[in-house]
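Peer 1: Protein sequence lines correspond, in order, to chains V and B.
Everything in the first sequence is counted per the working numbering, starting at 1 for the first residue and increasing by one.
Everything in the second sequence is counted per the working numbering, starting at 791 for the first residue and increasing by one.
Please read through the structure below; I'll follow up with questions.
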Amino acid sequence: MNDTTAIRHIGQPLRRREDIKLLAGRGRYVDDVRLPGMLHMAVLRSPHAHAEIRSVDLSAAKVAPGVRLVLSGKALDGKIGPIVPNWIIPGSKVPFRPVVATDRVRFVGECVALVVAETLAQAYDAIGLINVDYAVLPAVTDEEIAISDSGPQLHDNVPGNITTIYKVRGGDYQKAAREADQVIGLRVVNNRLIPTCMETRAIVASPEPDGTLTVYIGSQVPHMHRRWIAETVGIPEHQLRVVAPDIGGGFGAKMHLYPEDLLCPYLARELDAPVKWWESRSESHQSTSHGRAHTENIEIAFKNDGTILGLKVATLGNVGAYLSNMASGGPTVNTINFGTGTYKIDNYEAISRVVVTNTVPVDAYRGYGRPEGAYIAERAIDAVARHLKLDQVQVRRRNFVQPAEFPYRPYGSMGVMYDSGNYQGLLDKALAAFDYDGRRSECEALRSSGIYRGVGVAAYTHMCGMAPSRRLAVSGFDRGGWESARVSIDSSGRATIYSGSMSQGQGHITSLSQIAADVLQIPIENIDIVQGDTRQVQAGHGTFNSRSMAVGGSSVHVSSQRIVAKAKKIAAGMLEVDEEDISYSAGAFSVPGTDIAPVTFSTVARMAYVGHKLPDGIAPGLDETVFYDPTGMGSPSGIHLAYVEVDAETGIVDILDYVAVDDVGTLINPLLAAGQIHGGVAQGIAQALYEEVSYDPDNGQLLTGSLLDYAVPRAEHVPNIRSLFQETPSPTNPIGVKGIGESGSIAAPPCMVHAVLDALSPFGITHLDMPLTPPRIWAAVQKARTGASQ
Amino acid sequence: MSGSEKLHDVTIEVNGVRKTIAVEARKLLVHLIREDLGLTGTHVGCDTSQCGACTVEIDGRAVKSCTLLAVMADGASITTIEGLAGPGTELSPIQAAFHEHHALQCGFCTPGMVMSVRQLLKDQPDPSEHEIRHALAGNICRCTGYHNIVRAVESLTSKGDQP
Chain V
1 MNDTTAIRHI GQPLRRREDI KLLAGRGRYV DDVRLPGMLH MAVLRSPHAH AEIRSVDLSA
61 AKVAPGVRLV LSGKALDGKI GPIVPNWIIP GSKVPFRPVV ATDRVRFVGE CVALVVAETL
121 AQAYDAIGLI NVDYAVLPAV TDEEIAISDS GPQLHDNVPG NITTIYKVRG GDYQKAAREA
181 DQVIGLRVVN NRLIPTCMET RAIVASPEPD GTLTVYIGSQ VPHMHRRWIA ETVGIPEHQL
241 RVVAPDIGGG FGAKMHLYPE DLLCPYLARE LDAPVKWWES RSESHQSTSH GRAHTENIEI
301 AFKNDGTILG LKVATLGNVG AYLSNMASGG PTVNTINFGT GTYKIDNYEA ISRVVVTNTV
361 PVDAYRGYGR PEGAYIAERA IDAVARHLKL DQVQVRRRNF VQPAEFPYRP YGSMGVMYDS
421 GNYQGLLDKA LAAFDYDGRR SECEALRSSG IYRGVGVAAY THMCGMAPSR RLAVSGFDRG
481 GWESARVSID SSGRATIYSG SMSQGQGHIT SLSQIAADVL QIPIENIDIV QGDTRQVQAG
541 HGTFNSRSMA VGGSSVHVSS QRIVAKAKKI AAGMLEVDEE DISYSAGAFS VPGTDIAPVT
601 FSTVARMAYV GHKLPDGIAP GLDETVFYDP TGMGSPSGIH LAYVEVDAET GIVDILDYVA
661 VDDVGTLINP LLAAGQIHGG VAQGIAQALY EEVSYDPDNG QLLTGSLLDY AVPRAEHVPN
721 IRSLFQETPS PTNPIGVKGI GESGSIAAPP CMVHAVLDAL SPFGITHLDM PLTPPRIWAA
781 VQKARTGASQ
Chain B
791 MSGSEKLHDV TIEVNGVRKT IAVEARKLLV HLIREDLGLT GTHVGCDTSQ CGACTVEIDG
851 RAVKSCTLLA VMADGASITT IEGLAGPGTE LSPIQAAFHE HHALQCGFCT PGMVMSVRQL
911 LKDQPDPSEH EIRHALAGNI CRCTGYHNIV RAVESLTSKG DQP
């Protein structure tokens with residue numbers, strides 16, 4: 001048998017098939033959807049972080065020009081909602097969250113009332129005419145204060161403002177601490193971020209003549225949105241069509257259930273007209289989920305040679321005013337399960353408390369929990385190296401999990417298993433590319449002349465593609481871990497693939513085609529990919545958790561294999577030979593060792609549909625659907641290195657070099673893979689150096705309410721990123737792919753912080769919290785200099 | 791009809807086609823382009839003139855079209871992303887360079903970014919990397935980390951001619 005397995009498309013840097021329309025301005029995003037008779041919704045948002053609503057006067061708004069409907073929360077009470085999370089860690093206390101606030105508001109930006117009008121301008125005008133009488137209550141924005149005795153209580157059923165307590169334990173930390181040469185403590189803040197998709201959220205709900213409802217929404221998870229909207233608004237799921245057109249970035253922010261996702265469908269049915277809502281950027285800062293917002297207290301027990309014996313972690317995850325979609329899972333399972341990083345730390349004890357505050361709900365943002373977990377592991381090991389004055393690379397090397405130890409369960413964990421990896425190999429490759437020794441010497445040489453340069457290192461691993469389905473039940477995650485793909489071959493032999501994954505810029509049309517083309521052995525131009533329409537795509541979970549290639553890609557791979565398997569049976573009938581004698585190579589079915597003329601894939605496809613010569617028991621058609629549920633999760637890993645120069649007089653950080661070596665398993669498309677690293681690293685650098693959501697601690701006002709004061713980096717603020725790869729295929733799926741989207745945002749924050757701390761080491765500065773802004777660095781240098789002169 | 795605002799005629803030439811449109815005085819140019827002309831390749835990414843997704847060319851200069859009222863553009867000649875590619879071709883050289891160098895992911899910032907690159911290369915036909923990054927400071931991209939956008943622009947300079 002001589003079936004070819006030669007890979008032709010996987011591994012090739014193919015240019016993206018989706019580019020042309022986007023470059024030509026022919027992309028179609030939700031805000032581009034314009035329907036006849038379409039009305040516009042605007043939302044009145046709370047100006048207070050915490051207040052009672054005494055009364056809402058809608059009378060002036062109701063008679064404003066163009067206004068069709070004005071509602072406060074009371075009018076919706078009992079009709080739609082409440083909004084419930086999709087991931088509830090067992091034991092969690094879930095706050096009641098109405099779609100629109102009725103008697104109390106708990107964050108600046110919470111929906112209080114809404115207007116539907118003929119134009120958006122009219123809707124905005126009428127919003128300004130609504131009068132709300134508030135009785136302001138004390139507000140709390142900080143997670144440590146929220147759980148203290150002085151923290152005002154947000155919800156009656158959430159005593160102490162803690163919704164969830166989650167613990168992880170392996171080995172015996174107390175024993176390790178006793179046996180250690182030294183134990184040090186570290187408190188680190190993982191700064192609150194705004195995901196900032198360049199396309200804000202938008203939604204159009206349109207009643208159809210047949211009684212169904214079509215919802216256009218920029219959703220990473222169209223089928224999940226269909227389920228959630230159906231259940232929360234009370235629409236039969238099969239009568240709801242969710243369409244996700246082109247999406248202008250997601251990064252986790254577009255995979256949750258927001259009030260507006262429910263209001264537009266409800267109002268469209270009430271008014272029997274299409275209703276659109278578009279989120280302004282300033283509105284987005286106070287209504288779309290934020291990310292991170294942790295405080296971690298860390299204790300590390302180690303020997304004087306740098307060997308880590310034990311790690312103890314206490315996490316406080318600030319989740320804002322309510323438990324958003326996945327919010328109880330992020331600071332818990334996703335964070336502290338991964339707190340030991342790439343290191344062999346057998347004695348581990350961690351606790352996470354999920355805390356509500358008077359702030360915008362916090363939920364998934366690129367990496368969700370894994371950046372926070374990696375930050376714990378990396379800041380801890382770097383602190384040990386710094387404390388012992390040992391080389392940061394050597395201390396990591398000493399503690400790495402070894403290649404022969406995979407699959408590896410850290411601290412004997414039942415929930416975490418790293419499927420594969422070679423951290424030493426990554427490190428060697430990274431050090432060589434970076435010229436580590438040269439840079440170290442350069443740093444030393446320049447310091448005497450007052451030039452402060454530093455080298456930062458960070459290692460990471462995590463798990464992608466939450467699966468298998470039955471395991472997700474244990475953690476209270478109310479969805480499966482599978483992905484579906486339907487490969488439909490037409491009578492000309494061309495393929496249309498319906499995938500439950502959902503690209504938001506990752507380039508699935510290209511990468512999924514590459515996967516299918518290798519199995520089907522047909523030209524890539526003969527493959528179309530359909531995503532983002534629940535009427536067309538059978539089922540799906542969408543795109544998050546770096547799952548799309550590992551799970552979605554594998555489902556395309558397996559369904560394509562089934563196509564070839566059936567085509568082979570049909571070819572056997574046509575050639576009048578046994579199926580076992582047939583070889584499929586270069587798109588043709590042949591019988592090796594004979595002079596029987598081969599039949600092409602397209603000829604077989606034609607036969608599948610005319611059905612004239614089908615073998616007994618073979619039904620017509622060439623169309624296969626697979627629900628692929630992985631047996632496990634892939635574990636990407638990587639080493640990132642940064643070289644910085646810090647101006648001690650201004651506090652400005654100049655990034656001189658950045659090298660990322662990532663092991664994401666099999667590379668489907670190296671061009672797109674590098675693009676994912678570039679983008680993730682830029683967002684990680686942004687967290688480390690620039691971005692931070694600020695609240696006024698006294699009254700809970702959002703201070704970073706627009707792009708004027710929230711510091712998203714520009715082209716000048718990020719460096720060239722040298723992205724290299726090592727391919728250790730994952731044994732958990734047929735393609736060997738692991739996942740890549742979250743890697744950069746996981747590795748870059750600790751890498752950058754370590755580089756800056758290294759540069760500042762002559763000042764004796766051992767810790768700074770992100771973002772490392774010029775004022776923060778300048779103040780630390782000033783303090784160090786003042787202290788030294790006293 | 792419920793419009794309470796007085797309308798004003800605006801005559802503009804967009805992508806070579808002259809049109810007169812009646813707009814409210816408060817309407818931004820970007821909304822005229824998107825809503826009245828249906829040219830949805832020009833995007834709205836913020837409300838403080840920070841992101842540059844709405845950048846178009848007005849009388850030969852790249853301008854953020856959210857910074858102008860539509861009535862202020864009366865008499866202007868405007869080119870949007872839809873007007874870039876010449877007849878018979880799908881992409882202009884800048885657009886083709888973005889495609890070749892994977893300089894776009896979600897594509898939302900891309901039209902504005904392309905318009906700004908056009909301006910940059912008019913002003914400085916052979917910019918350095920630093921000059922490229924500086925010139926694009928008015929356009930935010932959240933997906934690419936700018937790395938491949940810079941590569942795409944460099945490919946159109948003397949650096950791109952080198953082997």
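In this text, a Cβ means the ideal position worked out from N, Cα and C, and glycines have one as well.
When you compare only the Cα positions, how much space is there between C210 (chain V) and V275 (chain V)?
Peer 2: According to the sequence shown, residue 210 (chain V) is Asp rather than Cys. Cα-Cα distance, rounded: 17 Å.
Peer 1: Report the residues of the stretch 235-253 of chain V with a CB closer than 9 Å to any CB of chain B, ordered along the chain.
Peer 2: D246, I247, G248, G249, G250 and F251
Peer 1: Less than 9 Å between the C-beta atoms of G248 (chain V) and S745 (chain V), yes or no?
Peer 2: no
Peer 1: Give the list of continuous alpha helix (DSSP H) stretches no shorter than 4 residues that lie fully inside the stretch 896-929 of chain B.
Peer 2: 900-913 and 919-925
Peer 1: Assuming the contact rule is C-beta atoms closer than 8 Å, V215 (chain V) and I229 (chain V) should be a hit. Round their C-beta distance to whole Å, please.
Peer 2: 6 Å
Peer 1: By the three-class DSSP mapping on this structure, what secondary structure does V659 (chain V) have?
Peer 2: V659 (chain V) sits in a strand when the DSSP states are folded into three classes.
Peer 1: Which residue comes first and which comes last in the beta strand (DSSP E) that contains S328 (chain V)?
Peer 2: S328 (chain V) -> no beta strand (DSSP E), and no H or E assigned at all.
Peer 1: Near Q676 (chain V), what residues of its chain come up, given a Cβ to Cβ distance below 8 Å and the 5 sequence neighbours on each side ignored?
Peer 2: Sequence-distant Cβ neighbours of Q676 (chain V) in its own chain, meaning closer than 8 Å and more than five residues away, are Q506, I740, G741, S743 and G744.
Peer 1: Which whole runs of the beta strand (DSSP E) in the stretch 538-601 of chain V are 3 residues long or more, in chain order?
Peer 2: If one requires a minimum length of 3 residues, the beta strand (DSSP E) runs lying completely within the stretch 538-601 of chain V are 583-585 and 588-590, in chain order.
Peer 1: Per the contact definition of three or more C-beta pairs closer than 8 Å, is the stretch 94-101 of chain V in contact with the stretch 282-296 of chain V?
Peer 2: no
Peer 1: Check whether the Cβ of L262 (chain V) lies closer than 9 Å to any Cβ atom in chain B.
Peer 2: no
Peer 1: Between the Cα of D826 (chain B) and those of B:E890, B:V804 and B:R908, spot the shortest distance and give me the residue it belongs to.
Peer 2: B:V804
Peer 1: Could you tell me which uninterrupted beta strand (DSSP E) segments, each at least 3 residues in length, are contained entirely in the stretch 285-368 of chain V, listed from first to last along the chain?
Peer 2: Runs of the beta strand (DSSP E) inside the stretch 285-368 of chain V: 294-302, 308-318 and 347-355.
Peer 1: For T4 (chain V), I'd like the list of residues in its chain whose CB is within less than 6 Å of its CB, leaving aside the five on either flank, ordered along the chain.
Peer 2: The predicted position of T4 (chain V) is uncertain, since its pLDDT is 36 and thus under 50; a value taken from the coordinates is nonetheless stated next. Answer for T4 (chain V): S585, listed in chain order.
Peer 1: So who's on the other strand from V846 (chain B), going by DSSP bridges?
Peer 2: B:V853
Peer 1: If you measure from the beta carbon of A852 (chain B) to each beta carbon in chain V, is any gap under 9 Å?
Peer 2: Taking Cβ atoms only, chain V never reaches closer than 9 Å to A852 (chain B), which makes this a no.
Peer 1: Spell out whether any CB of chain B is found under 9 Å from the CB atom of G680 (chain V).
Peer 2: yes
Peer 1: Figure out for me which residue from B:P901, B:Q914, B:I930 and B:D864 has the closest Cα to the Cα of L708 (chain V).
Peer 2: B:I930
Peer 1: Applying a beta-carbon distance threshold of less than 8 Å, which residues of chain B neighbour N161 (chain V)?
Peer 2: Simply none; closest approach about 32 Å.
Peer 1: Tell me whether A815 (chain B) sits in a helix, a strand or coil according to DSSP, three-state version.
Peer 2: coil
Peer 1: Indicate whether R791 (chain V) and Y411 (chain V) have their beta-carbon atoms separated by less than 9 Å.
Peer 2: This structure gives no information on residue 791 (chain V), because the portion of chain V shown stretches from 1 to 790.
Peer 1: From R808 (chain B) to E872 (chain B), what does the alpha carbon distance come to, in whole angstroms?
Peer 2: 15 Å
Peer 1: Give the secondary structure of S743 (chain V) by DSSP, where H, G and I count as helix, E and B as strand, and everything else as coil.
Peer 2: helix
Peer 1: Taking its Cβ as the centre, do 16 or more other Cβ atoms sit within 10 Å of N2 (chain V), making it buried, or is it exposed?
Peer 2: Confidence is the limiting factor: at N2 (chain V) the pLDDT is only 32, short of 50, which leaves the residue's position unreliable, though a coordinate-based value still follows. It counts as exposed.
Peer 1: Please report whether the beta-carbon of C844 (chain B) lies at a distance below 9 Å from any beta-carbon of chain V.
Peer 2: No - not a single Cβ of chain V is within 9 Å of the one on C844 (chain B).
Peer 1: Could you tell me which chain B residues have their CB closer than 9 Å to the CB of T196 (chain V), listed as they occur along the chain?
Peer 2: I930 and R932
Peer 1: How far does the alpha helix (DSSP H) with D791 (chain V) in it reach, from first residue to last?
Peer 2: Since the first and last residues shown for chain V are 1 and 790, residue 791 (chain V) lies out of range.
Peer 1: Nearest-angstrom Cα distance between D133 (chain V) and K74 (chain V)?
Peer 2: 14 Å
Peer 1: If you draw a straight line from the alpha carbon of C779 (chain B) to that of R16 (chain V), how long is it in whole angstroms?
Peer 2: Look at the range of chain B in this structure, 791 to 953, and you will see that residue 779 (chain B) is not part of it.
Peer 1: I think S843 (chain B) touches M198 (chain V), with their Cβ atoms under 8 Å apart; what is that distance to the nearest whole Å?
Peer 2: One detail in the question is off: residue 843 (chain B) reads as Ala in this sequence, not Ser. The pair is a contact, with the Cβ atoms about 6 Å apart (cut-off 8 Å).
Peer 1: Are any of the Cβ atoms in chain V nearer than 9 Å to that of T830 (chain B)?
Peer 2: yes
Peer 1: Using a cut-off of 7 Å between C-beta atoms, extract the partners of P901 (chain B) located in chain V.
Peer 2: G25
Peer 1: For Y628 (chain V), which beta-bridge partners are listed by DSSP?
Peer 2: V:E483
Peer 1: Does the beta-carbon distance from G700 (chain V) to V664 (chain V) come in below 9 Å?
Peer 2: no
Peer 1: Find the residues of chain V that neighbour L881 (chain B), judging by a C-beta separation of less than 8 Å, and give them in chain order.
Peer 2: Correct list: I20, L23 and A24.
Peer 1: Does Q392 (chain V) come out as helix, strand or coil in the three-state DSSP assignment?
Peer 2: helix
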